[in-house]
Amino acid sequence: MRYHTPTSFQEAARLAAASGGLLRYLAGGTDVLVQMRAGMVQPDELIDLKHIPGVFDISRNADGGWRIGVAVPGRVLGAHEALCGDWPGVVEGMNLVGSTQVQGRATLTGNLCNGSPAADSVPGLVAAGATVTITGPDGSREVPVEAIPTGPGRTVLKKGELISAITLPPRGAHGGDAYLRFIPRTEMDIAVVGAAVNVTLDGDRIAKARVALGAVAPTVLLVEAAAKAIVGSTLDEAALDRLAAASSAAAKPISDKRGTVEFRVDVVGVLARRAAKIAYDRAKGMSK
Amino acid sequence: MAKDEITKGYKLVGTRPNRPDGLDKVTGRARYGADFSLPGMLWAAVVRSPHAHAKIKRIDATKALALDGVKAVVTRADLPTGLEGEDLNLQENTLAGEKALYDGHAVAAVAATSALLAQDAARLIEVEYEVIPHVTDVDAAMQPGAPVIREGAADYSVPEGMHPNVVRHMEFGHGDVVAGFAAADIVREETYKTEATHQGYIEPHACVGQMGEDGRGEMWVCTQGHWYIRRMCAAVLGIEAANLRVTPSEIGGGFGGKTTIFMEPLALALSKKAGGRPVKLVMSRAEVLRATGPTASASMDVKIGMKKDGTVTAGQVMFRMQGGAFVGMSPIGEALPCAFACYDIPALKHEAVEVLTNRPKAAAYRAPGSPMAAFAVESLMDEMCRELGLDPIDVRLKNAAKEGSKSSYGPVYNRIGLVETLEAAKAHPNYAIPLGPNQGRGVASGFWFNHGGETSVSLAIGEDGTVQVSIGTPDIGGSRASIALMTAETLGIPYENVRVNVVETGALGVNEPTHGSRATFASGKAAVEAARQAIKEMCRRAAAEWEIEPEAVEWKDGAAQPAGPNAGKFPPMTIAEIGAKMGGTGGPISGHHETNAGGVGASFGTHVVDVEVDPETGRTTVLRYLVVQDAGTAIHPAYVEGQYQGGAAQGIGWALNEEYVYGADGRLQNTVFLDYRIPVASDLPMIDTVIVEVPNPGHPYGVRGVGETGITPPLPALAGAVAAAAGVRLRSLPMSPPKVLAAIKAARQA
Numbered sequence: 000m001r002y003h004t005p006t007s008f009q010e011a012a013r014l015a016a017a018s019g020g021l022l023r024y025l026a027g028g029t030d031v032l033v034q035m036r037a038g039m040v041q042p043d044e045l046i047d048l049k050h051i052p053g054v055f056d057i058s059r060n061a062d063g064g065w066r067i068g069v070a071v072p073g074r075v076l077g078a079h080e081a082l083c084g085d086w087p088g089v090v091e092g093m094n095l096v097g098s099t100q101v102q103g104r105a106t107l108t109g110n111l112c113n114g115s116p117a118a119d120s121v122p123g124l125v126a127a128g129a130t131v132t133i134t135g136p137d138g139s140r141e142v143p144v145e146a147i148p149t150g151p152g153r154t155v156l157k158k159g160e161l162i163s164a165i166t167l168p169p170r171g172a173h174g175g176d177a178y179l180r181f182i183p184r185t186e187m188d189i190a191v192v193g194a195a196v197n198v199t200l201d202g203d204r205i206a207k208a209r210v211a212l213g214a215v216a217p218t219v220l221l222v223e224a225a226a227k228a229i230v231g232s233t234l235d236e237a238a239l240d241r242l243a244a245a246s247s248a249a250a251k252p253i254s255d256k257r258g259t260v261e262f263r264v265d266v267v268g269v270l271a272r273r274a275a276k277i278a279y280d281r282a283k284g285m286s287k
Numbered sequence: 000m001a002k003d004e005i006t007k008g009y010k011l012v013g014t015r016p017n018r019p020d021g022l023d024k025v026t027g028r029a030r031y032g033a034d035f036s037l038p039g040m041l042w043a044a045v046v047r048s049p050h051a052h053a054k055i056k057r058i059d060a061t062k063a064l065a066l067d068g069v070k071a072v073v074t075r076a077d078l079p080t081g082l083e084g085e086d087l088n089l090q091e092n093t094l095a096g097e098k099a100l101y102d103g104h105a106v107a108a109v110a111a112t113s114a115l116l117a118q119d120a121a122r123l124i125e126v127e128y129e130v131i132p133h134v135t136d137v138d139a140a141m142q143p144g145a146p147v148i149r150e151g152a153a154d155y156s157v158p159e160g161m162h163p164n165v166v167r168h169m170e171f172g173h174g175d176v177v178a179g180f181a182a183a184d185i186v187r188e189e190t191y192k193t194e195a196t197h198q199g200y201i202e203p204h205a206c207v208g209q210m211g212e213d214g215r216g217e218m219w220v221c222t223q224g225h226w227y228i229r230r231m232c233a234a235v236l237g238i239e240a241a242n243l244r245v246t247p248s249e250i251g252g253g254f255g256g257k258t259t260i261f262m263e264p265l266a267l268a269l270s271k272k273a274g275g276r277p278v279k280l281v282m283s284r285a286e287v288l289r290a291t292g293p294t295a296s297a298s299m300d301v302k303i304g305m306k307k308d309g310t311v312t313a314g315q316v317m318f319r320m321q322g323g324a325f326v327g328m329s330p331i332g333e334a335l336p337c338a339f340a341c342y343d344i345p346a347l348k349h350e351a352v353e354v355l356t357n358r359p360k361a362a363a364y365r366a367p368g369s370p371m372a373a374f375a376v377e378s379l380m381d382e383m384c385r386e387l388g389l390d391p392i393d394v395r396l397k398n399a400a401k402e403g404s405k406s407s408y409g410p411v412y413n414r415i416g417l418v419e420t421l422e423a424a425k426a427h428p429n430y431a432i433p434l435g436p437n438q439g440r441g442v443a444s445g446f447w448f449n450h451g452g453e454t455s456v457s458l459a460i461g462e463d464g465t466v467q468v469s470i471g472t473p474d475i476g477g478s479r480a481s482i483a484l485m486t487a488e489t490l491g492i493p494y495e496n497v498r499v500n501v502v503e504t505g506a507l508g509v510n511e512p513t514h515g516s517r518a519t520f521a522s523g524k525a526a527v528e529a530a531r532q533a534i535k536e537m538c539r540r541a542a543a544e545w546e547i548e549p550e551a552v553e554w555k556d557g558a559a560q561p562a563g564p565n566a567g568k569f570p571p572m573t574i575a576e577i578g579a580k581m582g583g584t585g586g587p588i589s590g591h592h593e594t595n596a597g598g599v600g601a602s603f604g605t606h607v608v609d610v611e612v613d614p615e616t617g618r619t620t621v622l623r624y625l626v627v628q629d630a631g632t633a634i635h636p637a638y639v640e641g642q643y644q645g646g647a648a649q650g651i652g653w654a655l656n657e658e659y660v661y662g663a664d665g666r667l668q669n670t671v672f673l674d675y676r677i678p679v680a681s682d683l684p685m686i687d688t689v690i691v692e693v694p695n696p697g698h699p700y701g702v703r704g705v706g707e708t709g710i711t712p713p714l715p716a717l718a719g720a721v722a723a724a725a726g727v728r729l730r731s732l733p734m735s736p737p738k739v740l741a742a743i744k745a746a747r748q749a
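Here it is in structure tokens:
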């Protein structure tokens, strides 16, 4: 195994493009190192991204949005008051990943690139309308987060490509987001179902909404029908019922050791409903 | 009985000093199984079957042995033949013979100069399998057409016409159950199922084994019982017991799962083949879950007759239990006697069968068989109490077994404390806390026999009057502290002046493991006897110096003293003074006691649990939990409480989320703690405890074993609480959210 420490994403992309064997990027390492220790993956090339300037930074963009470096761990996101104020749903999703110790290393970008449909930080990013910058040998491009995973463990990234930053849009006024997951325990578990809701209000009415569902399909789903179900409403019971029904209808889960199809279809509606209420209250400034 | 009444006069028993192993454990100095290393040591890895049931056609280790640094490979062909009974079971579980019998069954092992190299070499060992049909469910394994796991394995007890996978049958009872059911106002019959669960000890199995070509060897191992390791390794390998010296490490949990061998003979066999170099073998968590001791899974029919006032008139059970692919591993012989042990019922009929399946060889797990039996019987008791609108504690008090009752399994009870636990539970504030919406309360009682067993203890007085006690029962739950307290109390010296060591097999006679909740009871009892022997000798030495009769000397407050005015006037001779000059007064002073400890006292307990069930997700939150249990006498109350809380914690996991999930291919799907869901700390409330003390007349300080009873009431208590909270009765464990939600939906539609 060769271990690389490039100092720019361009260099990392060139190394990756030139590599012959199995390649893994290393940021927090909470997936890669565990897989290596378990004998699941024996990479030929390990490219450590933590020597690239800026990868640990959280910075506000000129438009009021946020740029998050690929090595920023969950614990640092959770301690960033302004970011938590803008996008509490994104941060709470990331902060559900693993244990306190894992939070000291695990990153949003790693959680996204691991490609799990149950990734806790991804529904929040999708609901927020986050984008990622992909750097490859031929330059960079901006892609919505929902376009990255293509199936369990698979992403749209081609050989030589890697994510060099995550961008969250400006929160703007009267907005709120929230993420909820279902696990049988209280922590240290993988989402059986996840749901993120992001709303922007006009008075009491929802002007804009995005709803993203986790662990109910091969990839995290952005469900437009679920968003439509609550846009224009004051999130009354009828709207919540429509949201739950649309979310359940969009779910295409499997039965496995963590849950059944029937359970996931039911509970994704329940979580969408509950997350929407939290997002709405946050948008109204009624809760954090 | 109030604690003060019985512990009156004790200076140390009943106090809570720090445990002697505490500092080592919190600073990381304590040496566990994987912490042993020796010069020249090799590392081993095990090749395991990926199939639930397969014929082994060929094993080829050529490529592995060709790697530089690979020193030895062993297969079943390297082990002696001609073993029988449980010895053959042990050997067959150590390494598969003609067939792999479950997913994870060891097929070969390899030793190399590094752990990584051993793992690489294991991947290069080629095994050709012929996969054959398998069965993992206990009921399915009895059906006509189920694959036969072992031809001709059934013993004489099995009635004709049963499937060959049914290998043992048991029945007993008393009274006329037909008349009993006829006398009842209501008779209910239900079927209950529990899934297999793992002990979930935090420390995986680990050992270092060394054996020369002369068949003499040593082993350092994490175990509950090193004489068992010695006997079992000797049997599997065909060596003499005295030629294997076994030293136990500190132990990171066992719960019964470390009372047997799994991979220990492999380390010795590899060492012998590698010219006597020591071999270290450490299991991964996935190996622990796939190939070491789960408990049995069970399918159980229960029938109970009850009068309107709650009097139970008759009871009947039929249990079907599987303990893997090995005969004799299901705990039917414990489950049946435990089923109705809490009650005095005029007519009972017990029946059970053991069924083979393609699952790992079951091992003991905390009160083996009793939690399943309690789930079935106590759940039905609860259902009938609710049907009749009766208080579950009142009904249990009405039917409770007490001193003089003929137990459900035959013997007449000595002094027992079930009634006291029920009364304490009823009086506890938790039982009166009002419940909110979607909340429910469950109550259940439980029982474990407890065990005495073969025990050998030595004690020696030091030159400064401090005392060392050598015991053979590894300390899992604080027994060194408890035994030091009892020894110090007996000798009349400070707790800190007694050091209790768990010693190796070369240092004492045979000791059974720390199992059956016996360590504090049996090693403690033997230590007290050994101390009394030493006291007698110290009195003799004082008498000789004072030139009076030994009978004229008594032992008081850590010193020999003249026994009354007629004995003469001498100042007390302290243990330190006696120790300082013992070289000149007759040599070392020690005490020794060995016994097959009798006088065991059973322990009963009653649990009360409140839960809240989310009706939209089926998720259960445990709001509060109360354990009330009879300890006899709590020597070190903190460690008694720890046992109570630990039993409840494991029971909560078993009831709510733990299960073995097998795929259609018979492979275990949840081989790590991510998906084998034991409770995490934040899943549990603070578990309240009440120690009831009804002293055991068979122990010098009244000790009853306390380790196991605590896991028996949680399963039915939680099922009752969930039923009260969600309005649905789950008769199949675990009560995982998908199952609870499905039940809630089905009830709504009905």
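Each protein sequence line maps, in turn, to chains Z and F. Going by numbering that gives the first Met the number 0, the first residue of the first sequence is number 0, and it counts up by one from there. Going by numbering that gives the first Met the number 0, the first residue of the second sequence is number 0, and it counts up by one from there. All residues carry an ideal CB built from backbone N, CA and C; glycine is no exception. Source: prediction; values computed, not measured.
- Message: For the structure I just gave you, are there three or more beta carbon pairs, one from the stretch 178 to 185 of chain F and one from the stretch 160 to 167 of chain F, closer than 8 Å?
- Response: Not touching, per the Cβ criterion.
- Item | C-alpha distance - F/Trp447 paired with F/Ala338, whole-angstrom precision | Distance between the alpha carbons of F/Trp447 and F/Ala338 is about 10 Å.
- Item | Inter-residue spacing [alpha-carbon to alpha-carbon] between F/Glu4 and F/Ala741 | Low per-residue confidence applies at F/Glu4: pLDDT is 43, beneath 50, and the placement is therefore not dependable, though the value from the model is reported in the following sentence. One alpha carbon belongs to F/Glu4, the other to F/Ala741, and they sit about 52 Å apart.
- Message: Can you tell me whether F/Val621 is buried or exposed? The criterion is at least 16 other CB atoms within 10 Å of its CB, across all chains shown.
- Response: Burial is judged here by how many other beta carbons sit within 10 angstroms of a residue's own beta carbon; F/Val621 has at least 16 and is buried.
- Message: Assuming F/Arg149 is part of the beta strand (DSSP E), what are its boundary residues?
- Response: Where F/Arg149 is concerned, there is no enclosing beta strand (DSSP E), given that its DSSP letter is neither H nor E.
- Select from the stretch 639 to 650 of chain F all residues with a C-beta closer than 8 Å to any C-beta belonging to chain Z, and list them in chain order. Those would be none; no residue qualifies.
- Task: Would you mind giving the Cβ-Cβ distance between F/Ser522 and F/Thr472, rounded to the nearest angstrom? I have them listed as a contact below 8 Å.
- Result: The beta-carbon separation of F/Ser522 and F/Thr472, rounded to 5 Å, stays under the 8 Å limit for a contact.
- Can you tell me which of the three DSSP states F/Lys2 falls into? Caution is warranted here: a pLDDT of 42 is assigned to F/Lys2, below 50, making its placement in the model unreliable, and no coordinate value can be reported.
- Look up F/Tyr155 in the DSSP assignment and say whether it is helix, strand or coil. In this structure, F/Tyr155 counts as coil in the three-state DSSP scheme.
- Straight-line Cα distance separating Z/Gly103 from Z/Val75: Separation of Z/Val75 and Z/Gly103 (C-alpha to C-alpha, rounded to the nearest whole angstrom) is 8 Å.
- Between F/Arg618 and chain Z, is there a C-beta pair that is closer than 9 Å? Yes, its Cβ sits closer than 9 Å to a Cβ of chain Z.
- Item | Cβ distance (whole Å) where F/His606 is taken to contact F/Gly477 below 8 Å | Between the beta-carbon of F/His606 and that of F/Gly477 there is about 22 Å, and that puts the pair past the 8 Å contact cut.
- Task: On a CA-only basis, which of Z/Gly77, Z/Ala12, Z/Leu45 and Z/Gln34 is nearest Z/Ser139? Give me that one, please.
- Result: Z/Ser139 has its Cα closest to that of Z/Ala12, out of Z/Gly77, Z/Ala12, Z/Leu45 and Z/Gln34.
- Item | Euclidean distance between Cα positions of F/Arg149 and F/Pro391 | If you take the alpha carbons of F/Arg149 and F/Pro391, they lie about 44 Å apart.
- Does Z/Gly77 get closer than 9 Å to chain F when you measure Cβ to Cβ? For Z/Gly77, the closest Cβ of chain F is not nearer than 9 Å.
- For F/Arg676, go through chain Z and note every residue whose CB falls closer than 8 Å to its CB, in chain order. What F/Arg676 touches in chain Z: Pro183, Arg184 and Asp188.
- Message: My parser needs the alpha helix (DSSP H) runs of 4 or more residues fully inside the stretch 56 to 90 of chain Z; what are they?
- Response: Whole alpha helix (DSSP H) segments, 4+ residues: 73 to 77 and 80 to 85.
- Candidates F/Gly617, F/Val130, F/Gln118 and F/Glu503: closest to F/Ser48 by CA position: By alpha-carbon distance to F/Ser48, the top candidate from F/Gly617, F/Val130, F/Gln118 and F/Glu503 is F/Val130.
- Item | Strand pairing of F/Trp554, partner residues [DSSP] | F/Trp554 pairs with F/Ala559.
- Item | Paired residues, beta bridge with F/Met305 - DSSP | In DSSP, F/Met305 forms a bridge with F/Ile185 and F/Val311.
- Below-9 Å beta-carbon distance, F/Glu249 vs any chain Z residue: False, the Cβ-Cβ gap to chain Z never drops below 9 Å.
- Message: Between which residues of its own chain and F/Gly174 is the CB-CB distance below 6 Å, once the five residues before and five after are set aside?
- Response: Cβ neighbours of F/Gly174 beyond the five flanking positions: Pro345 and Ala346.
- Message: List, in chain order, every chain Z residue whose beta-carbon is nearer than 7 Å to that of F/Gln668.
- Response: Ordered by position in chain Z, the residues that pass the 7 Å Cβ test against F/Gln668 are Lys256.
- Query: Got a sec, what are the start and stop residues for the beta strand (DSSP E) F/Val210 sits in?
  - Reply: Note that residue 210 of chain F is Met in the sequence shown, not Val. Annotation: the continuous beta strand (DSSP E) that includes F/Met210 extends over Ala205 to Met210.
- Message: I'd like to know whether the C-beta atoms of Z/Asp43 and Z/Thr4 end up nearer to each other than 9 Å.
- Response: No, the pair does not count as a contact, with Cβ atoms beyond the cut-off.
- Item | Every unbroken beta strand (DSSP E) inside the stretch 474 to 561 of chain F [3 residues or more] | Runs of the beta strand (DSSP E) lying entirely within the stretch 474 to 561 of chain F, each at least 3 residues long, are 497 to 501, 552 to 555 and 558 to 561 in chain order.
- Query: What separation, rounded to the nearest whole angstrom, lies between the Cα atoms of F/Ala725 and Z/Met93?
  - Reply: If I take the Cα positions, the gap works out to 32 Å.
- What residue does the beta strand (DSSP E) around F/His606 start on, and which one ends it? If you look at F/His606, you'll find it in the beta strand (DSSP E) that goes Ser602 to Val612.
- Can you grab the Cα-Cα spacing for the pair Z/Asp240 / F/Lys279, in whole Å? The straight-line gap from Cα to Cα measures roughly 60 Å.
- Quick one: which chain Z residues come within Cβ less than 8 Å of F/Glu611? Within 8 Å Cβ-Cβ: nothing; F/Glu611 doesn't reach chain Z, min ~13 Å.
- How is the alpha helix (DSSP H) around F/Tyr643 delimited, first residue to last? Per DSSP, the unbroken alpha helix (DSSP H) holding F/Tyr643 starts and ends at Pro636 to Leu655.
- Task: Please confirm if F/Asp136 has its CB atom under 9 Å from at least one CB of chain Z.
- Result: No, because no Cβ of chain Z sits closer than 9 Å to the Cβ of F/Asp136.
- Would a check of beta-carbon distances place Z/Gly38 closer than 9 Å to chain F? Closer than 9 Å to some Cβ of chain F, the Cβ of Z/Gly38 qualifies, so yes.
- For Z/Lys169, the nearest candidate out of Z/Phe262, Z/Val69, Z/Trp86 and Z/Ala271 (CA to CA): Lys is not the amino acid found at residue 169 of chain Z; the sequence shown has Pro there. Looking only at Z/Phe262, Z/Val69, Z/Trp86 and Z/Ala271, the smallest Cα-Cα distance to Z/Pro169 is reached by Z/Trp86.
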